[in-house]
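Numbering (the numbering used here), first residue to last: 1173 to 1367.
What follows is the structure in structure tokens.
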């Protein structure tokens, strides 16, 4: 068994077009408007097959339970499912009630100019002993990085960090990690943090 302190996120996507056109709308209304925008559907050969709403395109599972918003239970269910799929963590070892929903972050990364990300991510912590059996099609390597050696390890990585993780690392990760025993005091469910 591996003792795992895992920071995971699930996301709701926002397009910059919707964001700029309704900047005065509440964030909930903004999200709803953005999720109704149309996306182009393609097959595995990148050929046009139709269109669907951004909400439908970014559904993580046909399970309606993952759309439930009260206490972020839907996000917790999605995190449980993804941890099982990506890291092989048995569902019984990472139940929705085991996740600590801390906050949400909004970020945008222009990427290479053609493809980028503009997301609201939910930050969840799972502090639990779990079994890992990584899905090789999703995960190429798993490393345990101790808090003491985190900065050196990350500075010497030979792979790029994802934009959202880089921002969390720069702005919050050290603070959260140093305070795992009192994460409740860093909860912010009302405001979306923007970096």
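Each residue gets a CB set at the ideal place from its N, CA and C atoms; glycine is no exception.
These numbers were taken from a predicted model, which means no experiment stands behind them.
Grouping DSSP H, G and I as helix and E and B as strand, with all else coil, what is residue 1226? Against the chain shown, residue 1226 aligns to sequence position 54. It is helical.
When the distance is taken between beta carbons, is residue 1213 closer than 8 Å to residue 1297? The residue labelled residue 1297 in the question sits at position 125 within the chain shown. The residue labelled residue 1213 in the question sits at position 41 within the chain shown. Contact flag unset, no.
Going along the chain, which residues of its own chain have a beta-carbon closer than 7 Å to the beta-carbon of residue 1366, five neighbours each way excluded? In the chain shown, the residue the question calls residue 1366 occupies position 194. So the list reads 1278, once near-sequence residues are dropped.
Under a Cβ-count criterion, where at least 16 other Cβ atoms within 10 Å of its own Cβ denotes burial, should residue 1342 be classed as buried or exposed? As a first step, residue 1342 must be located in the chain shown, where it is residue number 170. Result: exposed.
Whose C-beta lies closer than 6 Å to the C-beta of residue 1225 among residues of the same chain, with five residues either side of it excluded? Taking the chain shown and counting its residues from 1, one reaches residue 1225 at position 53. Result list for residue 1225: 1208, in chain order.
Mapping DSSP to helix, strand and coil, what is residue 1356? Locating residue 1356 in the chain shown gives position 184, counting from the first residue. DSSP places residue 1356 in helix when its eight states are reduced to three.
Considering only residues of the same chain and omitting the five flanking positions on each side of residue 1227, which have a CB-CB separation below 6 Å? On the chain shown, residue 1227 is found 55 positions in, with the first residue counted as 1. So the qualifying residues of the chain are 1207.
Residues in its own chain within less than 7 Å of residue 1311 by CB, not counting five upstream and five downstream? What you label residue 1311 is simply residue 139 of the chain shown in a count that begins at 1. Correct list, in chain order: 1258 and 1259.
For residue 1314, collect the residues of the same chain with a Cβ closer than 8 Å to its Cβ; drop the 5 residues on either side in sequence, then sort them by chain order. Numbered from its first residue, the chain shown carries residue 1314 at position 142. The answer, listed in chain order, is 1259, 1304 and 1306.
Quick check on the burial criterion: 16 or more other C-beta atoms within 10 angstroms. Buried or exposed for residue 1195? The residue labelled residue 1195 in the question sits at position 23 within the chain shown. Here the model assigns residue 1195 a pLDDT of 45, short of 50, so the residue's position is not dependable, and the following value carries that caveat. Classification for residue 1195: exposed.
Please identify the residue among 1336, 1348 and 1219 whose C-alpha is closest to the C-alpha of residue 1289. Within the chain shown, residue 1289 is the residue found at index 117, counting from 1. Residue 1336 is the option with its Cα nearest to residue 1289.
Can residue 1263 and residue 1270 be called in contact, C-beta distance under 8 Å? Along the chain shown, read from residue 1 onward, the residue named residue 1263 stands at position 91. Along the chain shown, read from residue 1 onward, the residue named residue 1270 stands at position 98. Cβ distance not < 8 Å, so residue 1263 and residue 1270 don't count as in contact.
Can you tell me whether residue 1318 is buried or exposed, with buried defined as 16 or more other CB within 10 angstroms of its CB? Translated into positions along the chain shown, residue 1318 becomes position 146. Residue 1318 comes out exposed.
Residue 1251 to residue 1294, Cα distance in whole Å? Locating residue 1251 in the chain shown gives position 79, where the first residue counts as 1. Locating residue 1294 in the chain shown gives position 122, where the first residue counts as 1. Their Cα atoms are separated by approximately 10 Å.
Anyone know if the C-beta pair for residue 1254 and residue 1237 falls short of 8 Å? Your numbering for residue 1254 matches position 82 in the chain shown. Your numbering for residue 1237 matches position 65 in the chain shown. Result no, Cβ atoms of residue 1254 and residue 1237 do not sit closer than 8 Å.
Whose C-alpha, out of 1282, 1300 and 1283, is nearest the C-alpha of residue 1272? Start at 1 with the first residue of the chain shown, and residue 1272 comes out as number 100. Of the listed residues, the one whose Cα sits closest to residue 1272 is 1300.
Within its chain, find whatever has a CB closer than 7 Å to the CB of residue 1246; leave out the 5 residues flanking it on each side and keep chain order. The residue labelled residue 1246 in the question sits at position 74 within the chain shown. Around residue 1246: 1237, 1238, 1239 and 1240.
Other residues of its chain near residue 1266: CB distance less than 8 Å, five sequence neighbours each side excluded: The residue given as residue 1266 occupies position 94 in the chain shown. Excluding sequence neighbours, residue 1266 sits near 1251, 1252, 1255, 1256, 1298, 1300 and 1302.
Counting only runs of 4+ residues fully inside the segment 1230 to 1272, write out the alpha helix (DSSP H) ranges in chain order. 1245 to 1259
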